[in-house]
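Asker: Dropping a structure here in structure tokens format, bear with me for questions.
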Amino acid sequence: MTIQLHDTMAGAARELMPLEPGNVRIYSCGPTVYGPAHVGNFRSFLFADLLVRYLRYRGLRVTWVMNITDVDDKIIKGARAEGVTIGEISERYREGFLADIKTLGMTVPDVMPRATEHIPQMVELIGKLLERGNAYRTDDGSIFFRIASWPAYGRLARIDPEGMRVGERVEADEYGKDDVRDFAVWKGPKPDEPSWETAIGPGRPGWHIECSAMSMAYLGPSFDIHTGGIDLVFPHHQDEIAQSEAATGKTFVAYWLHCAHLQMGGQKMAKSTGNIARVGEVLGRGISPRALRLALISAHYRMALSFGDDSLQAASSAIDRLDALLAALAAYVSDGPDDATLSTLLDGTRRAFETALDDDLNISPALAAVFELVRELNRRIDARALSTSDARHAIGFVRDLDRVLGIAPVVVESLAPDLQKLVDERAAARTARDFAASDRLRTVLAERGILVEDTRDGQRWRRAE
RNA sequence: GGCGACGUACCCAAGUGGUUAAGGGGGAGGUCUGCAAAACCUCUAUUCAGCGGUUCGAUCCCGCUCGUCGCCUCCA
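So the first sequence is numbered by our numbering: it starts at 36 and just counts up by one.
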């Protein structure tokens with residue numbers, strides 16, 4: 036079975052064939068750290084995470100790079116407003132981003148390069164573009180990419196450069212452009228903006244150049260996969276292709292993957308629209324990180340996804356269901372023989388799971404396979420059809436699939452001694468049929484985040500999240 | 001205006017030219033149970049925006065209409 040991925044450039048799914056067999060090199064457009072990222076941003080980051088996790092699950096080696104954009108107009112504006120350096124602003128939100136990554140169980144990219152630490156690489160790239168005549172200087176020291184010098188311009192987004200609607204607003208520093216559609220690779224110095232002294236003159240990088248320079252610095256002039264939100268197709272990724280390929284003469288990226296927008300209130304979640312939710316806020320409403328993660332990855336990445344109280348509640352309930360199963364399997368004890376049908380069930384589940392994800396990361400049928408397994412295992416638990424080792428084996432199986440999903444609870448070996456004492460006391464109270472005491476202890480434990488449930492196997496507990 | 005995507009039950013969301021249209025959530029009833037919770041069982045779309053066409057047969061293919069959303073400007 037092969038892995039199919041929908042390539043924006045081809046406009047169709049293509050079989051993944053790594054340029055270097057067995058090693059997939061991926062670059063994902065990361066955050067611009069001018070403020071806290073919202074969950075819409077995280078949809079695209081978690082989509083890349085899912086891709087990386089699945090490829091690794093399938094045995095491929097993956098090198099994953101995600102940039103941190105730490106110099107741009109918004110950061111400069113924010114720094115000016117607070118009277119601090121752009122470094123203070125960007126570092127503050129970079130740290131917040133790293134914290135959110137951890138909260139959401141996102142794989143940490145292998146490299147997270149910062150734009151300000153790669154000015155030399157950008158300068159070198161721009162130098163090549165100047166040499167080759169693909170870029171030109173203007174009076175204010177800015178350097179622009181000449182779209183007319185790159186015939187393939189517009190292909191990624193299927194946009195005809197001739198038909199491009201030209202915005203009404205043309206920034207003051209862009210009046211010198213030969214063509215209004217040309218884009219800045221380098222912005223000339225301004226008195227109140229950060230500036231670098233370089234071989235191509237003083238100034239700061241344009242928006243797109245950092246991604247070209249940093250991706251090629253870590254992954255080479257040609258690499259496998261580039262991901263981002265669909266809103267980056269044009270102009271950002273189109274411009275990356277133009278400037279990268281013009282400079283190297285090589286194909287920049289083999290597969291372009293773009294995820295659709297997260298929607299809230301029927302519209303794209305965007306700071307400018309105001310319909311945003313942030314990780315911290317959602318968690319503050321009592322939603323668990325895993326439920327938030329599930330809500331953000333639960334639909335195919337190329338489909339618009341609705342986000343809101345309903346989707347979060349549904350995800351929370353689904354997470355509870357998974358947690359309850361794992362707790363039940365962990366508590367399960369039976370002297371009976373192994374279940375002869377178990378391996379067939381698990382094999383079928385794995386097959387369905389992989390078939391779905393092989394098909395352009397089609398997560399819905401993959402999740403369906405997991406939850407059908409949940410029901411089947413619960414059935415067997417109820418029927419006491421499993422052996423004790425079956426139950427442990429099933430836990431291992433679910434956790435193996437969860438390497439891709441990242442929604443299972445972290446393994447908890449033991450409770451804090453005081454909590455364990457309460458759990459033991461309650462078990463004793465139940466044995467003594469002192470229901471008043473056991474009910475009281477159940478309430479106490481619930482207040483401390485431990486849910487106890489009584490079953491034929493006795494009392495079992497799990498964490499409420 | 002140009003380009004593109006989508007419209008499946010109460011909500012979210014898969015799917016296939018023809019057997020029972022996944023899964024999650026919610027709702028109703030039942031079983032189990034000291035209670036609670038969890039779990040299991042049954043039910044909850046004769047129907048896939050509307051209208052035409054192709055076909056023996058279409059939700060799935062084609063066309064049109066309506067609706068929603070996105071990109072063309074910063075944007076995940």
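Glycine is no exception: its CB is placed at the ideal position from the N, C-alpha and C atoms. Since the model is a prediction, treat every value here as computed from it, not as a measurement.
To which residues of the same chain is Val205 closer than 7 Å at the C-beta, ignoring the five residues directly before and after it?
Answerer: Because Val205 carries a pLDDT of 47, less than 50, the predicted location of this residue cannot be relied on, and the following value inherits that uncertainty. For Val205, where only same-chain residues beyond five positions count, the Cβ hits under 7 Å are Val215.
Asker: For Ile121, which of Arg149, Pro144, Val445 has the nearest alpha-carbon?
Answerer: If we check each option's Cα against that of Ile121, Arg149 comes out closest.
Asker: For His296 versus Gly75, is the C-beta spacing smaller than 8 Å?
Answerer: The answer is yes: Cβ separation under 8 Å.
Asker: Can you say whether Arg414 is buried or exposed, counting buried as having 16 or more other CB atoms within 10 angstroms of its CB?
Answerer: By the 10 Å Cβ count, Arg414 comes out exposed.
Asker: For my contact list, Trp221 and Pro240 are in at a C-beta cut-off of 8 Å; report their separation, rounded to the angstrom.
Answerer: The Cβ separation is near 6 Å, so the contact holds.
Asker: Measure the Cβ-Cβ separation of Arg96 and Gly57 and say whether it is below 8 Å.
Answerer: Result yes, Cβ atoms of Arg96 and Gly57 sit closer than 8 Å.
Asker: Quick one: what does DSSP say Val119 is sitting in, helix, strand or coil?
Answerer: In this structure, Val119 counts as coil in the three-state DSSP scheme.
Asker: Within the same chain, show all residues whose beta-carbon is closer than 7 Å to that of Leu360, passing over the 5 residues directly before and after it, in chain order.
Answerer: The residues are Val409, Leu412, Asn413.
Asker: Please list, in chain order, all residues of the same chain as Gln298 whose beta carbon is under 8 Å from its beta carbon, the five residues on each side excluded.
Answerer: The answer, listed in chain order, is Met304, Ala339, Leu340, Ser341, Phe342.
Asker: Report the rounded CA-to-CA distance for Arg386 versus Arg129, giving the unit in angstroms.
Answerer: Computed Cα separation, rounded: 39 Å.
Asker: With respect to the alpha helix (DSSP H) encompassing Lys306, which residues constitute its N-terminal and C-terminal limits?
Answerer: Run containing Lys306: none; DSSP gives neither H nor E here.
Asker: Pairs of beta-carbons, one from the region 167-175 and one from the region 240-254, closer than 8 Å: are there three or more?
Answerer: Result no; under three Cβ-Cβ pairs closer than 8 Å.
Asker: Go to Asn102, then tell me how far its alpha helix (DSSP H) extends in each direction, as first and last residue.
Answerer: Element bounds for Asn102: n/a, residue is neither H nor E.
Asker: What would DSSP say about Phe258, mapped onto helix, strand or coil?
Answerer: If DSSP states are grouped into helix, strand and coil, Phe258 belongs with the strands.
Asker: Do the region 135-144 and the region 75-91 meet, that is, are 3 or more Cβ pairs less than 8 Å apart?
Answerer: These segments touch.
Asker: My parser needs the alpha helix (DSSP H) runs of 4 or more residues fully inside the region 131-198; what are they?
Answerer: Listed in chain order, they are 154-166.
Asker: For a minimum of 3 consecutive residues, which ranges assigned as the beta strand (DSSP E) are wholly contained in the region 344-373?
Answerer: Here no run is fully enclosed.
Asker: Going by the DSSP bridge assignment, what does Gly493 pair with across the sheet?
Answerer: According to DSSP, which records beta bridges pairwise, Gly493 is partnered with Thr490.
Asker: Nearest-angstrom Cα distance between Arg127 and Ile311?
Answerer: Near 20 Å, if we compare the C-alpha coordinates of Ile311 and Arg127.
Asker: For Leu327, which option in His335, Asp344, Tyr336 has the closest C-alpha, if you only look at C-alpha atoms?
Answerer: The shortest C-alpha separation from Leu327 is found at Asp344.
Asker: In the DSSP assignment, find the unbroken alpha helix (DSSP H) run with His428 in it and report its ends.
Answerer: Looking at the DSSP string, the run of the alpha helix (DSSP H) that includes His428 is 423-440.
Asker: Where does the unbroken alpha helix (DSSP H) through Glu55 begin, and where does it stop?
Answerer: Looking at the DSSP string, Glu55 is not in any alpha helix (DSSP H), and its letter there is neither H nor E.
Asker: Kindly indicate the opening and closing residues of the beta strand (DSSP E) around Val220.
Answerer: 218-222 is the span of the beta strand (DSSP E), which, as asked, contains Val220.
Asker: Can you find the residues in the same chain that come closer than 6 Å, C-beta to C-beta, to Gly202, ignoring five residues on each side of it along the sequence?
Answerer: Because the pLDDT of Gly202 is 48, which lies under 50, any placement of that residue in the model is unreliable, and the number read from its coordinates should be weighed accordingly. So the list is empty, once near-sequence residues are dropped.
Asker: What three-state label does DSSP hand Tyr290 in the structure shown?
Answerer: Note: Tyr290 maps to strand in three-state DSSP.
Asker: Is the number of C-beta pairs between the region 261-278 and the region 173-184 that are closer than 8 Å three or more?
Answerer: Flag = yes, the region 261-278 and the region 173-184 touch.
Asker: By DSSP, does Arg325 sit in helix, in strand, or in coil?
Answerer: Helix at Arg325.
Asker: Taking the Cβ atom as the reference point for each residue, do Leu362 and Arg465 lie within a distance shorter than 8 Å?
Answerer: Reading the sequence as shown, one finds Ala at residue 362 and not Leu. Result no, Cβ atoms of Ala362 and Arg465 do not sit closer than 8 Å.
Asker: By Cβ distance, which residues of its chain are closer than 7 Å to Ala472, with the 5 residues on each side in sequence left out?
Answerer: Hits under 7 Å: Ala464.
Asker: Using only the alpha-carbon positions, how far apart do Ala481 and Ala499 sit?
Answerer: Going from the Cα of Ala481 to the Cα of Ala499 covers about 8 Å.
Asker: Assign Met147 to buried or exposed, taking buried as 16 or more other Cβ atoms, counted over all protein chains shown, within 10 Å of its Cβ.
Answerer: With 16 or more other Cβ atoms within 10 Å, it is buried.
Asker: Does the Cβ of Thr262 have 16 or more other Cβ atoms within 10 Å, making it buried, or fewer, making it exposed?
Answerer: Result: buried.
Asker: Applying the 10 Å Cβ sphere with the 16-neighbour rule, what's the burial state of Arg320?
Answerer: Counting Cβ neighbours within 10 Å, Arg320 comes out exposed, since fewer than 16 surround it.
Asker: Thinking Asp145 and Phe77 are a contact (beta carbons under 8 Å), I'd like their distance in whole angstroms, please.
Answerer: In fact, because the Cβ distance is near 19 Å, the residues do not count as touching under 8 Å.
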